[in-house]
Amino acid sequence: MGAEEVRLVSWNVNGLRAVWKKDFLESMERLGADVLMVQETKLQEPQLTPEMTAVNDSKAHWSFSTVKKGYSGVGAWTKTDPAAVRHGIGMPEFDDEGRILELEYDKFTLFNVYFPNGQQSDERLDYKLRFYDAFFAYANALKDKGRPVVICGDVNTAHNEIDLRHPKANAKRSGFLPVEREWLDRILSMGYVDTFRHLYPEEEKYSWWSYRFNARKSNAGWRIDYFYVSRDILDNGWIKGAWIDNDTFGSDHCPIGLDLVIP
DNA sequence: CGTAATACG
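Okay, so the first sequence: first residue is 1 according to the UniProt record's numbering, each after it adds one.
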């Protein structure tokens with residue numbers, strides 16, 4: 001039997017109803033994902049349309065915020081049905097905002113996560129850091145049992161100076177604070193690989209640009225969307241490619257991807 | 001400035 005090629009794509013759509021009006025289906029087709037994961041859907045179940053839930057041959061999975069309307073939320077379209085789909089990590093404090101989808105496949109577990117933004121207040125920064133803590137405790141339990149783990153989504157932090165256009169000007173803003181950057185160090189030291197950076201150590205490529213000040217036009221961006229994999233996935237030679245697609249529009253983020261070859 | 005409901009990113 002031949003090896004199986006799998007394309008995983010992650011995209012913070014900043015409002016699913018908004019991108020839907022901006023050629024989303026066309027982008028989706030062009031991206032060619034086996035699993036397309038989206039963050040910030042900004043809707044609840046009653047606002048889903050039949051078109052959103054029935055895309056081609058894919059099955060749709062959703063997690064909604066139960067505490068705020070039109071806020072947060074993640075989703076995934078899967079061409080192959082996962083063996084199990086889970087919502088959240090069993091901690092209401094971190095599950096209520098609909099930020100986590102766990103798709104369990106035969107050979108690996110895939111997480112789609114919209115990590116909190118910490119810019120609103122000190123409380124939200126604290127929530128963000130505790131969310132990192134709680135989520136990775138959950139994911140590590142699987143990884144440390146020997147299960148290959150893929151984690152993708154909007155991490156809402158740029159790791160190093162290479163990961164944003166204006167590191168000096170943003171050194172004191174949430175999204176590039178030392179305490180947040182240290183958390184991204186910790187993710188690597190826990191045994192995950194930042195796939196894009198691993199393949200392209202010198203590349204200055206971003207996945208998010210503020211809507212203000214024509215930031216995308218001047219490429220004043222940040223790389224805050226990631227595909228992390230547990231080290232075994234790299235060591236076993238599953239990684240065929242990792243990419244950031246700056247040519248797809250419709251949101252303040254662009255899609256990112258991971259191509260795997262699974263024996 | 002943009003999304004989706006007056007807050008949040």
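Glycine is no exception: its CB is placed at the ideal position from the N, C-alpha and C atoms.
Buried or exposed (CB count within 10 angstroms, at least 16 for buried), residue i
i: V38; result: buried
i: T78; result: buried
i: V67; result: exposed
i: F213; result: exposed
i: G175; result: buried
i: K143; result: buried
i: V9; result: buried
i: N236; result: exposed
i: K217; result: exposed
i: K42; result: buried
i: R99; result: buried
i: L25; result: exposed
i: A242; result: buried
Residue(s) in a DSSP beta bridge with residue i
i: L103; result: V85 and L110
i: I239; result: L260
i: L36; result: V9 and W77
i: K42; result: The partner list for K42 (beta bridge, DSSP) is empty, contrary to what the question assumes.
i: G221; result: W209
i: I244; result: I256
Opening and closing residue of the beta strand (DSSP E) in which residue i lies
i: V150; result: V149 to D154
i: F7; result: According to the sequence as given, residue 7 is Arg; it is not Phe. From DSSP, the beta strand (DSSP E) with R7 extends over E4 to N12.
i: T157; result: From DSSP, T157 is part of no beta strand (DSSP E); its letter is neither H nor E.
i: I256; result: I256 to I262
i: F227; result: D225 to S230
i: S63; result: K59 to S63
Residue interval of the alpha helix (DSSP H) (run including residue i)
i: R165; result: Careful: R165 lies outside any alpha helix (DSSP H) and carries neither H nor E.
i: F135; result: D122 to K143
i: V193; result: Segment Y192 to D194 is the beta strand (DSSP E) holding V193; no alpha helix (DSSP H) there.
i: M28; result: F24 to L31
i: S72; result: That residue, S72, is in no alpha helix (DSSP H); it is neither H nor E in DSSP.
i: E202; result: That residue, E202, is in no alpha helix (DSSP H); it is neither H nor E in DSSP.
i: P50; result: P50 to T53
i: L188; result: P178 to S189
i: R17; result: L16 to W20
i: A92; result: Inspection of the sequence shows that residue 92 is occupied by Pro rather than by Ala. Residues P92 to D95.
Option nearest residue i by Cα separation, candidates the options
i: D57; options: R124, A33, K168 and R186; result: A33
i: V13; options: V261, C254, L258 and D259; result: C254
i: V150; options: E40, D252, D245 and W238; result: W238
i: A83; options: L110, I162, Y226 and G241; result: L110
i: M28; options: F249, I262 and D259; result: F249
i: W222; options: N140, G15, R165 and V6; result: R165
i: H159; options: G88, L258, W183 and W62; result: W183
i: Y228; options: E203, E202, F196 and D235; result: F196
i: P201; options: R147, D163 and G2; result: D163
i: G257; options: D225, N236 and Y71; result: D225
i: D232; options: A220, G75, F108 and Y138; result: F108
i: E40; options: Q47, D245 and G73; result: G73
i: E204; options: L177, P167 and E180; result: P167
i: S65; options: H87, N140 and A171; result: H87
i: A139; options: E161, Q47 and N112; result: N112
heavy atom of the ligand SAM below 8 angstroms from residue i C-beta
i: F135; result: The ligand SAM is not part of this structure, which contains no ligands at all.
Assess, as a yes-or-no matter, whether the segment 110–123 is touched by the segment 143–156 under the definition of 3 or more beta carbon pairs within less than 8 angstroms. The answer is yes - the segment 110–123 touches the segment 143–156, with three or more Cβ pairs under 8 angstroms.
Evaluate contact between the segment 7–22 and the segment 83–98, counting only Cβ atoms and requiring at least three cross-stretch pairs below 8 angstroms. With a cut-off of 8 angstroms, the segment 83–98 and the segment 7–22 do not count as touching, because too few Cβ pairs lie within range.
I'd like to know if the segment 102–111 and the segment 120–131 are in contact, where contact means that at least 3 CB-CB pairs between them fall below 8 angstroms. Flag = no, the segment 102–111 and the segment 120–131 do not touch.
Kindly confirm or deny that the segment 204–212 and the segment 179–194 touch, where touching means at least three C-beta pairs closer than 8 angstroms. Judged by Cβ distances under 8 angstroms, the segment 204–212 makes no contact with the segment 179–194, as fewer than three pairs qualify.
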